[in-house]
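Working notes, structure below.
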Amino acid sequence: DLTDITLFCQDWGGLIGLRLVAAYPERFAGLVIANTGLPTGSGMTPGFKAWLDISQNVPQMPIGAFVSGGSGRDLSPAEIAAYDAPFPDETYKEGARQFPMLVPVTPEHSSVAENLAAWKVLEAFDKPVITAFSDGDAITRGGEATFQSRIPGAKGQPHVTLKGGHFLQEDCPAEIVAVIDGLIRARG
Numbered sequence: 010d011l012t013d014i015t016l017f018c019q020d021w022g023g024l025i026g027l028r029l030v031a032a033y034p035e036r037f038a039g040l041v042i043a044n045t046g047l048p049t050g051s052g053m054t055p056g057f058k059a060w061l062d063i064s065q066n067v068p069q070m071p072i073g074a075f076v077s078g079g080s081g082r083d084l085s086p087a088e089i090a091a092y093d094a095p096f097p098d099e100t101y102k103e104g105a106r107q108f109p110m111l112v113p114v115t116p117e118h119s120s121v122a123e124n125l126a127a128w129k130v131l132e133a134f135d136k137p138v139i140t141a142f143s144d145g146d147a148i149t150r151g152g153e154a155t156f157q158s159r160i161p162g163a164k165g166q167p168h169v170t171l172k173g174g175h176f177l178q179e180d181c182p183a184e185i186v187a188v189i190d191g192l193i194r195a196r197g
């Protein structure tokens, strides 16, 4: 029975987590939203379109290399191997291939209605919301403006733009922790 939750959501954490916030807003005390979206079928960024095309068409899906390429720094061979480790061969990567297809970027997508319903709740969410998007993410760059303008709790908050790519946990982990910690401390 969790309450007083501070949610940090990045990438799929936003697509899943923000719908949880909408379903149980009373359980959440604040949000840090980073490099994610909550699309409602109105299209996609060129970066996401490229990722969607690659994910569906590349014969071999090098997960670790993709994470390295989406980061603002080159990952070491050991880090790349760690991202590859859960996928012994291509048959284990089908979930990773299907994830991009689950994002509602077209009006007829089956998740559009759920995301529209989530936005109705989020548009009344007045608890603190901080955006922490990066300057080098081709997939979500600029998405912070949507959250800042549509969620009342984002007004007047210390939003940040971080230096890095899509995978903030690799590019600027200390900075992300500082944003989360700052939100928790500001709440008292």
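Reading the sequence shown from the start, the letters are residues 10 to 197 in the numbering used here.
Here a beta-carbon is modelled for each residue, glycine too, at the ideal position from N, C-alpha and C.
On a predicted model such as this, the values are computed, not experimentally measured, just so you know.
Closest residue to residue i among the options (Cα-Cα distance)
i	options	result
F176	L29, P34, P113 and G73	G73
V114	K172, F57, P34 and D144	F57
G39	C181, V138 and L171	V138
D144	L24, P161, S158 and T170	T170
H118	A147, A183 and G52	G52
T12	L24, P34 and W21	P34
Buried or exposed (CB count within 10 angstroms, at least 16 for buried), residue i
i	result
N66	exposed
V186	exposed
L47	buried
Q19	buried
L111	exposed
A94	exposed
D198	No statement about residue 198 is possible, as the shown extent of the chain runs from 10 to 197 and does not include it.
W60	buried
Counterpart residues of residue i in DSSP-defined beta bridges
i	result
F108	Looking at the DSSP assignment, F108 forms no beta bridge with any residue, so it has no partner.
G39	T15
F142	T170
CB contact flag (residue i, residue j, <8 angstroms)
i	j	result
F142	E153	yes
P228	S64	There is no way to answer for residue 228, as the model of the chain reaches only from 10 to 197.
F17	I160	no
V30	L192	no
With three or more beta-carbon pairs closer than 8 angstroms as the criterion, would you say the segment 74-84 touches the segment 177-196?
yes
Sufficient close CB pairs (3 or more, under 8 angstroms) joining the segment 114-128 to the segment 91-105
no
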